[in-house]
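Student: Taking full-length UniProt numbering, the leading residue of the sequence shown gets 1, the next gets one more, and so forth.
Have a look at this one.
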Amino acid sequence: MITTSSREPIRVTDPDDPRIAEFCSIRERDLTGRHGQFIAEGTVVLRMLSAAHAAGQGISAVKLLLLENRMAGLTQLLDAFSSDVPVYVASQAVLDRIAGFHLHRGVLALGQRRIVTDLLPHISALPASSLVLVGCGISNHDNMGAIFRNAAGFNADAVLLDETSCDPLYRKALRVSVGSVLTMPYRREGSAEELLGALGDARFEIWALSPAGHVEIGDIRPGRRVALVVGTEGDGLPSAILQSFKSARIAQNPQLDSLNVGTASGIALYHLARSMGRLTEPT
Numbered sequence: 001m002i003t004t005s006s007r008e009p010i011r012v013t014d015p016d017d018p019r020i021a022e023f024c025s026i027r028e029r030d031l032t033g034r035h036g037q038f039i040a041e042g043t044v045v046l047r048m049l050s051a052a053h054a055a056g057q058g059i060s061a062v063k064l065l066l067l068e069n070r071m072a073g074l075t076q077l078l079d080a081f082s083s084d085v086p087v088y089v090a091s092q093a094v095l096d097r098i099a100g101f102h103l104h105r106g107v108l109a110l111g112q113r114r115i116v117t118d119l120l121p122h123i124s125a126l127p128a129s130s131l132v133l134v135g136c137g138i139s140n141h142d143n144m145g146a147i148f149r150n151a152a153g154f155n156a157d158a159v160l161l162d163e164t165s166c167d168p169l170y171r172k173a174l175r176v177s178v179g180s181v182l183t184m185p186y187r188r189e190g191s192a193e194e195l196l197g198a199l200g201d202a203r204f205e206i207w208a209l210s211p212a213g214h215v216e217i218g219d220i221r222p223g224r225r226v227a228l229v230v231g232t233e234g235d236g237l238p239s240a241i242l243q244s245f246k247s248a249r250i251a252q253n254p255q256l257d258s259l260n261v262g263t264a265s266g267i268a269l270y271h272l273a274r275s276m277g278r279l280t281e282p283t
């Protein structure tokens, strides 16, 4: 096959073509954790990837793989990527064999995230008035995607995750977040205690969210720098965290054990963001 320029598609007819090896069997395996690479799926996530790529904030596109009949409708979006990003196209039959399942969206991208592990400069760079979401032990990829979408929707400044949380660049988490993982500043490192200690040193007001919290979330009058802490599905936050920081609850049916962490983080972020004047009312 003859390699063309990056804006001209490179046709793939062999599912074992080594140039698209990263896209093979993406349901059974994932690239997260491998040198910062990840798979983005769908037009919405591709659009977010193009914006992150253009912004030069450590997220870049490496290559694209499209269903051949999607190419014409994506011309403007593809032009947003730099010319050194190759675009491969394949028929539906070949694309399905590459991915390992029927890929009806017909849009895949291989992305690269610059690995940064120094948390303190990240916290120091946050604005004087900040809202941060902290996730401890978030292991479900759907919930991970949901909390990033909530953080973006309610104007949080960053998401901080402890080392026991799953990688938000996992394909499903990325898709559920509708690409918000690519635009929301975040770090995933260290223990929950280290994260909260660093936030405390930076004068953040820390609120731990729990069904047993002492203050109803709607009654909080937050200060200028606020961190909302959410815990793993099922067990919630460790008692040591609940005892060390202020705790908040969401009023709910007492016969229900708890809310899903994705839902709970959205409700809590809405109340905090609104109280902090971070939401714009429609005109």
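Backbone N, C-alpha and C fix where the C-beta goes; we use that ideal spot for every residue, glycine too.
All values reported here derive from a predicted model rather than from experimental measurement.
From which residue to which residue does the alpha helix (DSSP H) around valine 176 run?
Tutor: Taking the sequence shown and counting its residues from 1, one reaches residue 176 at position 176. From DSSP, the alpha helix (DSSP H) with valine 176 extends over 171-176.
Student: What are the residues that DSSP puts in a beta bridge with valine 94?
Tutor: The residue labelled residue 94 in the question sits at position 94 within the sequence shown. When DSSP reads this structure, valine 94 sits in no beta bridge, so it has no partner.
Student: If we count Cβ pairs, one from each stretch, closer than 8 Å, do we get three or more for the region 223-241 versus the region 203-215?
Tutor: yes
Student: Given glycine 277, which residues of its chain have a CB within under 8 Å of its CB, disregarding the five upstream and five downstream residues?
Tutor: Taking the sequence shown and counting its residues from 1, one reaches residue 277 at position 277. There are no such residues.
Student: To the nearest angstrom, how far is it from the Cα of serine 5 to the Cα of proline 86?
Tutor: Here residue 5 refers to the residue found at position 5 when the sequence shown is read from its first residue. Here residue 86 refers to the residue found at position 86 when the sequence shown is read from its first residue. The predicted model places serine 5 with a pLDDT of 38, which falls under 50 and marks its position as unreliable; any figure quoted below should be read in that light. Rounded to the nearest angstrom, the two C-alpha atoms are 8 Å apart.
Student: Rounded to the nearest angstrom, what separates arginine 221 and valine 230 at their Cα positions?
Tutor: The residue given as residue 221 occupies position 221 in the sequence shown. The residue given as residue 230 occupies position 230 in the sequence shown. Their Cα atoms are separated by approximately 19 Å.
Student: If we count the other Cβ atoms within 10 Å of its Cβ and call it buried at 16 or more, is glutamate 194 buried or exposed?
Tutor: Residue mapping note: residue 194 aligns to position 194 of the sequence shown, counting from 1. So glutamate 194 counts as exposed.
Student: Which runs of the alpha helix (DSSP H) fall wholly inside the UniProt domain "tRNA/rRNA methyltransferase SpoU type" (131-270) and span at least 4 residues, in chain order?
Tutor: 141-153, 171-176, 192-201, 239-244
Student: In chain order, what residues of the same chain lie with their CB nearer than 6 Å to the CB of phenylalanine 245, ignoring the 5 residues before and after it?
Tutor: Here residue 245 refers to the residue found at position 245 of the sequence shown. Here the set comprises Ile206, Ala208.
Student: Is the beta carbon of leucine 65 sitting closer than 9 Å to the one on leucine 108?
Tutor: Translated into the one-based positions of the sequence shown, residue 65 becomes position 65. Translated into the one-based positions of the sequence shown, residue 108 becomes position 108. Yes, the pair counts as a contact, with Cβ atoms nearer than the cut-off.
Student: Give the single residue among Arg187, Pro211, Ala51 whose Cα lies nearest to the Cα of glutamine 255.
Tutor: As a first step, residue 255 is located in the sequence shown; it is residue number 255 there, counting from the start. For the residues Arg187, Pro211, Ala51, the minimum Cα distance to glutamine 255 belongs to Pro211.
Student: Given this structure, state the Cα-to-Cα distance separating aspartate 84 from leucine 78, to the nearest angstrom.
Tutor: In the sequence shown, counting from the first residue as 1, residue 84 sits at position 84. In the sequence shown, counting from the first residue as 1, residue 78 sits at position 78. In a straight line, the C-alpha of aspartate 84 is about 12 Å away from that of leucine 78.
Student: For valine 261, which residues from the same chain have a beta carbon less than 6 Å from its beta carbon, with the 5 sequence-adjacent residues on both sides left out?
Tutor: Start at 1 with the first residue of the sequence shown, and residue 261 comes out as number 261. Cβ within range, chain order: Asn143, Val230, Glu233.
Student: Please name the residue in His104, Ser60, Phe148, Met71 whose C-alpha comes closest to that of glycine 111.
Tutor: For the purposes of this step, residue 111 is taken as residue 111 along the sequence shown, with counting starting at 1. For glycine 111, the nearest C-alpha among the options comes from Ser60.
Student: With distances taken from CA atoms, which of Gln243, Gln92, Leu160 is nearest methionine 71?
Tutor: As a working note, residue 71 is residue 71 in the sequence shown. Ranking Gln243, Gln92, Leu160 by Cα distance to methionine 71 puts Gln92 first.
Student: For proline 168, I'd like the list of residues in its chain whose CB is within less than 8 Å of its CB, leaving aside the five on either flank, ordered along the chain.
Tutor: As a first step, residue 168 must be located in the sequence shown, where it is residue number 168. Result list for proline 168: Met144, Gly145, Phe148, Val159, Leu161, Leu174, Ser177, Val181, Tyr186, Arg188, in chain order.
Student: Starting from alanine 109, follow the beta strand (DSSP E) in both directions and report where the run begins and ends.
Tutor: The residue given as residue 109 occupies position 109 in the sequence shown. For alanine 109, the enclosing beta strand (DSSP E) starts and ends at 107-113.
Student: To the nearest angstrom, how far is the alpha carbon of alanine 54 from that of leucine 126?
Tutor: Position 54 of the sequence shown holds residue 54. Position 126 of the sequence shown holds residue 126. Cα to Cα, the separation comes out at about 22 Å.
Student: Kindly indicate the opening and closing residues of the alpha helix (DSSP H) around alanine 52.
Tutor: Here residue 52 is taken as the residue at index 52 of the sequence shown, counted from 1. It spans 43-55 - the alpha helix (DSSP H) in which alanine 52 sits, taken as one unbroken run.
Student: Could you check the C-alpha separation between alanine 156 and leucine 269 for me, to the nearest Å?
Tutor: Locating residue 156 in the sequence shown gives position 156, where the first residue counts as 1. Locating residue 269 in the sequence shown gives position 269, where the first residue counts as 1. Alanine 156 and leucine 269: Cα-Cα distance of roughly 8 Å.
Student: How is the beta strand (DSSP E) around leucine 77 delimited, first residue to last?
Tutor: Numbered from its first residue, the sequence shown carries residue 77 at position 77. Note, leucine 77: premise wrong, no beta strand (DSSP E); alpha helix (DSSP H) at 75-78.
Student: Let me confirm a value: residue 290 is counted as buried when at least 16 other C-beta atoms fall within 10 Å, else exposed. Which label applies?
Tutor: Outside the shown range of the chain (1 to 283) lies residue 290, about which nothing can therefore be said.
Student: Just to confirm before moving on: does the CB-CB distance between valine 94 and proline 18 stay below 9 Å?
Tutor: By one-based count along the sequence shown, residue 94 stands at place 94. By one-based count along the sequence shown, residue 18 stands at place 18. With respect to proline 18, valine 94 sits apart: the two C-beta atoms are not nearer than 9 Å.
Student: Between which two residues does the alpha helix (DSSP H) carrying serine 60 extend?
Tutor: Translated into the one-based positions of the sequence shown, residue 60 becomes position 60. Element bounds for serine 60: not the alpha helix (DSSP H) but the beta strand (DSSP E), 59-67.
Student: Run through DSSP, which three-state label would alanine 273 get?
Tutor: Here residue 273 refers to the residue found at position 273 when the sequence shown is read from its first residue. Helix, per DSSP.
Student: When the Cα atoms are used, what is the spatial distance from histidine 271 to glycine 218?
Tutor: By 1-based counting over the sequence shown, the position of residue 271 is 271. By 1-based counting over the sequence shown, the position of residue 218 is 218. Cα to Cα, histidine 271 sits roughly 6 Å from glycine 218.
Student: How many Å lie between isoleucine 250 and histidine 214 at the Cα?
Tutor: Stepping through the sequence shown from its first residue, residue 250 is reached at position 250. Stepping through the sequence shown from its first residue, residue 214 is reached at position 214. Isoleucine 250 and histidine 214: Cα-Cα distance of roughly 10 Å.
Student: Can you check whether the CB of arginine 105 is closer than 9 Å to the CB of glutamate 41?
Tutor: Here the question's residue 41 lines up with position 41 in the sequence shown. Here the question's residue 105 lines up with position 105 in the sequence shown. Taking 9 Å as the Cβ cut-off, glutamate 41 and arginine 105 qualify as a contacting pair.
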